[in-house]
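J.:
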Amino acid sequence: MLSAKAWDWQTNATCESSVDMELVLHYSLIPSFAIILVLSFLERRMSRSQIDGKLHLLNGRFGIVIPLDFVGTFSNRWSFGIAFGATANKVMFLFSEGYLPLRVPKWAQAIVLLIGATEVGLSYFPFFACLSTEFQITGSVLGFFYTFTWFVITITNIVQCPHGQQENHFLEVHQAQHVKRLVRKSPERQAQKSWFQRKVYEWDPCFQFPGRMIGTSALALICLYIFIVIEFFIYKEVSKELKILDQKFEELVDSSNGSEVLVSTVLQLKEFINVIQGVWIFTTFAASLTCVSYIFHILACYRKHMKRLWAGKKHFLPLRSHEPASSQSVQQRNGADSQPHCSPDLTITSTSTLRLRHTPTPALLAASLAGLGYSSHTAPAAIARYSGWQIAYILWGYLIIHVMQCLFGVMIMYSFVLPIQHGQGLEMAKGLAIGILTVGIATGLMILQIKIAARFFLQPKILPDDKQKPLALNNRKAFHNFNYFLFFYNVLLGLGACLFRLLCSVLLGTWLIARIDRTIMQKGYEAADMGFNTWVGMIFMDHYHTNPTLLSFCHILLAEKKLHKSTKYYLFNNIAEPRVSTRARTRWLLLYTLLNNPKLTELRKPNVQSGASAAPQNPCV
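Residue numbers (numbering that gives the first Met the number 0): 0 to 620.
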């Protein structure tokens, strides 16, 4: 819940609590650092450094503790969602720029907000780290005491002022089921779908949303609820002031001895105030339902986009977004003859042959995609930006949608409802009929032009079975006269079409402002939509690192490797292997693969040796 200081300006009531939440936030860094230190001591580093040789007690300890795997977390999703929900209060403070730990000039507030956001992140770090750690007993005990302490402090503050994972297996079960469904020869029989599945949403047992998406959605719902509550308290305060203003208007009318002009003006102002209040309450529910539906619709769009990317379909994205680039690319090429910057678990030879040296990882998959010719210029920063940007887009989108819906509601009231209440329904109906008739005539003339052009100015069909006439002119002289005489009318008609285009752009842009999965820019200007670019970078990052087909491929390789090592005569097989040249064996396997998969030849990178020209080479060499 919000602290007492945040509620004072809304309720005009003071509250003295024995708990200073900002001070608690500062002091919570001490146990937070202690928990991080304990978890870091238990975490072992993958590579040893020189200090391990000097201090044998370290023995590779004090590794990096991660709060949450934003890329491939599929377990404990609801636990992480609840943990994200616990941060909703501070997220709202940061959103309103109400938490400034230092008093600085306005030009330095952005830096101070960054410091405050970092402090909040460190304070809530143990919530996520204790859930993600592999040492479950230690994480559970530390997380319980830390969470219980925060719970007691928060409850005490509310009572006194009531207003105021690391994955063990990179291949998940649902991902394996997805690949099995792809390679099944005969399609599986689908059970009869319920009404909810047919009309609202059809869930897929072979697809699971990552923890990032679940946590972001849960936090967005909580923040939206808090935002609406704050807006409602502001509305109550404004309504009190409007009532006082209404009383002053009545006193002014009584003291004016019944002046008709003043009475008419006061009545119009009172009517306007009543309309605004009624429309604002009604549109509060409409805007809330719109934004809540957007949160769930974005999840559905995420599943749809990921499935399309897994199938190799990118047509739903703008052409420039087919290969998203960022300043922090997974792979960077410095020249035509330079080796790709790959994972240490992967070796790419001059013939683009992949050699696995250690356990495959999602990072290895991204490098594997690069070695097979796929573009891996993804945007890792989009993963970090998405959650925060999505919540901000939802909150700002709610406010903008609410204001615009309120304006349109007032227009509808003054255009249709109030004239009927004042006995002017007939005049309103006449004006509405004239407007509909004018638009209908203009639309009819546009359709008539198309029909005339298709009937008289196009040559007949070449074949009787053709659906359309060929794009070849007929009766050219009549066609030129037709264009000439309609030129002047189309100028006037174009003016209305231009205004209609502008109105549609404003309506669609306002209605979709909270949607980060859809661009509101025109074709060719999608790069200016930073929110949509974040969405594209995020889904490409997930596509490269959680692709079920590639994860299953590496899982099979790992299983085969373990099975080969577990055979009884494994060492004897290694002794016999050097009789065949490793390079010859690799080239034979490469040739066999390319003969069975000819399309892979087009994806291979040509071997350009240093000091030699880039001449085309045999794809099987």
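Idealized CB from N, CA, C, for every residue including glycine.
Please read these numbers as outputs of a predicted model, since none were measured by experiment.
Can at least three beta-carbon pairs, one atom from the region 496-507 and one from the region 285-305, be found at a separation below 8 angstroms?
T.: The region 496-507, when compared against the region 285-305, does not touch it at the 8 angstroms Cβ threshold.
J.: Whether or not the region 216-232 and the region 384-395 are in contact is what I'm after, with contact meaning three or more pairs of Cβ atoms, one per stretch, closer than 8 angstroms; do they touch?
T.: Cβ pair count under 8 angstroms is three or more, so yes.
J.: On a CA-only basis, which of Gly311, Val490, Ile515, Cys553 is nearest alanine 391? Give me that one, please.
T.: Locating residue 391 in the sequence shown gives position 392, counting from the first residue. Nearest option by C-alpha distance: Ile515.
J.: So is valine 172 buried or exposed if we call it buried at 16+ other beta carbons inside 10 Å?
T.: For the purposes of this step, residue 172 is taken as residue 173 along the sequence shown, with counting starting at 1. It is exposed - the Cβ of valine 172 has fewer than 16 other Cβ atoms within 10 Å.
J.: Return yes when the Cβ of glutamine 276 is within less than 8 angstroms of the Cβ of serine 238, no when it is not.
T.: Residue numbering aside, residue 238 sits at position 239 when the sequence shown is read from its first letter. Residue numbering aside, residue 276 sits at position 277 when the sequence shown is read from its first letter. In contact: serine 238 and glutamine 276 (Cβ atoms closer than 8 angstroms).
J.: What does the alpha-carbon distance come out to for the pair glutamine 176 and proline 605?
T.: Along the sequence shown, read from residue 1 onward, the residue named residue 176 stands at position 177. Along the sequence shown, read from residue 1 onward, the residue named residue 605 stands at position 606. So the alpha carbons of these two residues sit roughly 36 angstroms apart.
J.: Taking only three categories from DSSP, how would you classify arginine 511?
T.: As a first step, residue 511 is located in the sequence shown; it is residue number 512 there, counting from the start. In the sequence on display, residue 511 carries leucine and not arginine. Leucine 511 falls in the coil class under three-state DSSP.
J.: Measuring only the C-alpha atoms, how far is isoleucine 512 from alanine 527?
T.: Mapped onto the sequence shown, residue 512 falls at position 513. Mapped onto the sequence shown, residue 527 falls at position 528. Each residue's Cα considered, the two are about 14 angstroms apart.
J.: Excluding the five sequence neighbours on either side, which residues of its own chain have a C-beta within less than 8 angstroms of the C-beta of alanine 441, listed in chain order?
T.: Walking along the sequence shown from the start, residue 441 turns up at place 442. Cβ within range, chain order: Leu492, Gly495.
J.: Taking 8 angstroms as the cut-off, does the region 289-300 touch the region 255-264 (at least 3 CB pairs, one atom from each stretch)?
T.: No contact exists between the region 255-264 and the region 289-300.
J.: Please look up how many angstroms separate the CB atoms of alanine 453 and lysine 468, rounded, as I've assumed it's under 8 angstroms.
T.: Within the sequence shown, numbered from 1, the residue matching residue 453 stands at position 454. Within the sequence shown, numbered from 1, the residue matching residue 468 stands at position 469. Yes, alanine 453 and lysine 468 are in contact; Cβ-Cβ is about 7 angstroms, under 8 angstroms.
J.: I need the DSSP call for leucine 223, collapsed to helix, strand or coil.
T.: For the purposes of this step, residue 223 is identified with residue 224 of the sequence shown, where counting begins at 1. Helix at leucine 223.
J.: Looking only at its own chain, which residues have a Cβ that is under 8 angstroms from the Cβ of alanine 471, when we skip the five neighbours before and after it?
T.: The count along the sequence shown starts at 1 and reaches residue 471 at position 472. Only Leu457, Gln458 meet the Cβ criterion.
J.: Is the Cβ-Cβ distance between serine 31 and phenylalanine 127 less than 8 angstroms?
T.: Residue 31 sits at position 32 when you count from the first residue of the sequence shown. Residue 127 sits at position 128 when you count from the first residue of the sequence shown. For serine 31 and phenylalanine 127, no; Cβs fall outside 8 angstroms.
J.: Between which two residues does the alpha helix (DSSP H) carrying histidine 25 extend?
T.: Stepping through the sequence shown from its first residue, residue 25 is reached at position 26. Segment 20-26, the alpha helix (DSSP H) holding histidine 25.
J.: According to DSSP, simplified to helix, strand and coil, what is lysine 560?
T.: Your numbering for residue 560 matches position 561 in the sequence shown. Lysine 560 falls in the helix class under three-state DSSP.
J.: Is leucine 316 helix, strand or coil when you go by DSSP?
T.: Counting from 1 along the sequence shown, the entry for residue 316 is found at position 317. Of the three classes helix, strand and coil, the one that applies to leucine 316 here is coil, per DSSP.
J.: Using the C-alpha atoms, what's the distance from tryptophan 510 back to methionine 520?
T.: Numbered from its first residue, the sequence shown carries residue 520 at position 521. Numbered from its first residue, the sequence shown carries residue 510 at position 511. Each residue's alpha carbon lies about 13 angstroms from the other.
J.: So is the beta-carbon of glycine 495 under 7 angstroms away from any non-hydrogen atom of the ligand COA?
T.: Among the ligands in the structure shown, none appear at all, so the ligand COA cannot be discussed.
J.: For phenylalanine 226, collect the residues of the same chain with a Cβ closer than 6 angstroms to its Cβ; drop the 5 residues on either side in sequence, then sort them by chain order.
T.: Walking along the sequence shown from the start, residue 226 turns up at place 227. Leu394, listed in sequence order.
J.: Return the CA-CA distance between alanine 558 and threonine 282, expressed in angstroms with no decimal places.
T.: Position 559 of the sequence shown, counted from the start, is the residue given in the question as residue 558. Position 283 of the sequence shown, counted from the start, is the residue given in the question as residue 282. Straight-line Cα distance between these residues: approximately 58 angstroms.
J.: Could you tell me the boundaries of the alpha helix (DSSP H) in which tyrosine 385 lies?
T.: Reading the sequence shown from its first residue, position 386 is the one you call residue 385. It spans 380-411 - the alpha helix (DSSP H) in which tyrosine 385 sits, taken as one unbroken run.
J.: By Cβ distance, which residues of its chain are closer than 6 angstroms to aspartate 19, with the 5 residues on each side in sequence left out?
T.: As a position in the sequence shown, residue 19 is number 20, starting the count at 1. Excluding sequence neighbours, aspartate 19 sits near nothing in its chain.
J.: Near tyrosine 145, which residues of its chain fall below 8 angstroms by C-beta distance, leaving aside the five closest residues on each side in sequence?
T.: Looking up residue 145 in the sequence shown gives position 146. Same-chain partners within the cutoff: Pro30, Ser31, Ile34, Pro125, Phe126, Cys129.
J.: Compute the distance between the beta-carbons of valine 535 and glycine 408, then report whether it is under 8 angstroms.
T.: For this step, residue 535 is matched to residue 536 along the sequence shown. For this step, residue 408 is matched to residue 409 along the sequence shown. Not closer than 8 angstroms, so no.
J.: Could you compute how far the alpha carbon of histidine 321 sits from the alpha carbon of threonine 518?
T.: As a first step, residue 321 must be located in the sequence shown, where it is residue number 322. As a first step, residue 518 must be located in the sequence shown, where it is residue number 519. Rounded to the nearest angstrom, the two C-alpha atoms are 15 angstroms apart.
J.: If you draw a straight line from the C-alpha of valine 228 to the C-alpha of arginine 180, how long is it?
T.: The residue given as residue 228 occupies position 229 in the sequence shown. The residue given as residue 180 occupies position 181 in the sequence shown. Between valine 228 and arginine 180, the C-alpha separation is close to 46 angstroms.
J.: Which one of Gly210, Gln159, Ser193, Arg307 has the shortest CA to CA distance from isoleucine 81?
T.: One-based indexing of the sequence shown puts residue 81 at position 82. Nearest of Gly210, Gln159, Ser193, Arg307 to isoleucine 81, Cα basis: Gly210.
J.: Taking the beta carbon of isoleucine 449 as the centre, do at least 16 other beta carbons fall within 10 Å, making it buried, or is it exposed?
T.: Position 450 of the sequence shown, counting from 1, holds the residue named residue 449. With fewer than 16 other Cβ atoms within 10 Å, it is exposed.
J.: Measure from the alpha carbon of asparagine 532 to the alpha carbon of each residue in Lys235, Lys242, Ile382, then state which is nearest.
T.: Along the sequence shown, read from residue 1 onward, the residue named residue 532 stands at position 533. Measuring from the Cα of asparagine 532, the nearest candidate turns out to be Ile382.
J.: What does DSSP give as the partner residues of leucine 470 in its beta bridges?
T.: Residue numbering aside, residue 470 sits at position 471 when the sequence shown is read from its first letter. DSSP, once it has assigned bridges, lists no residue as partnering leucine 470.
J.: With DSSP as the reference, identify every bridge partner of leucine 457, one or two as the case may be.
T.: On the sequence shown, residue 457 is found 458 positions in, with the first residue counted as 1. Beta-bridge pairing links leucine 457 to Leu472.
J.: How is leucine 602 classed by DSSP in three states: helix, strand or coil?
T.: Translated into the one-based positions of the sequence shown, residue 602 becomes position 603. Leucine 602: helix per DSSP, three-state reduction.
J.: By alpha-carbon positions, which one of Ile65, Val182, Ser414 ends up nearest to phenylalanine 552?
T.: Within the sequence shown, residue 552 is the residue found at index 553, counting from 1. Ranking Ile65, Val182, Ser414 by Cα distance to phenylalanine 552 puts Val182 first.
J.: Check for me: the alpha helix (DSSP H) holding cysteine 290 runs from which residue to which?
T.: What you label residue 290 is simply residue 291 of the sequence shown in a count that begins at 1. Note, cysteine 290: alpha helix (DSSP H), 259-309.
J.: With DSSP as the reference, label arginine 188 as helix, strand or coil.
T.: By one-based count along the sequence shown, residue 188 stands at place 189. Of the three classes helix, strand and coil, the one that applies to arginine 188 here is coil, per DSSP.
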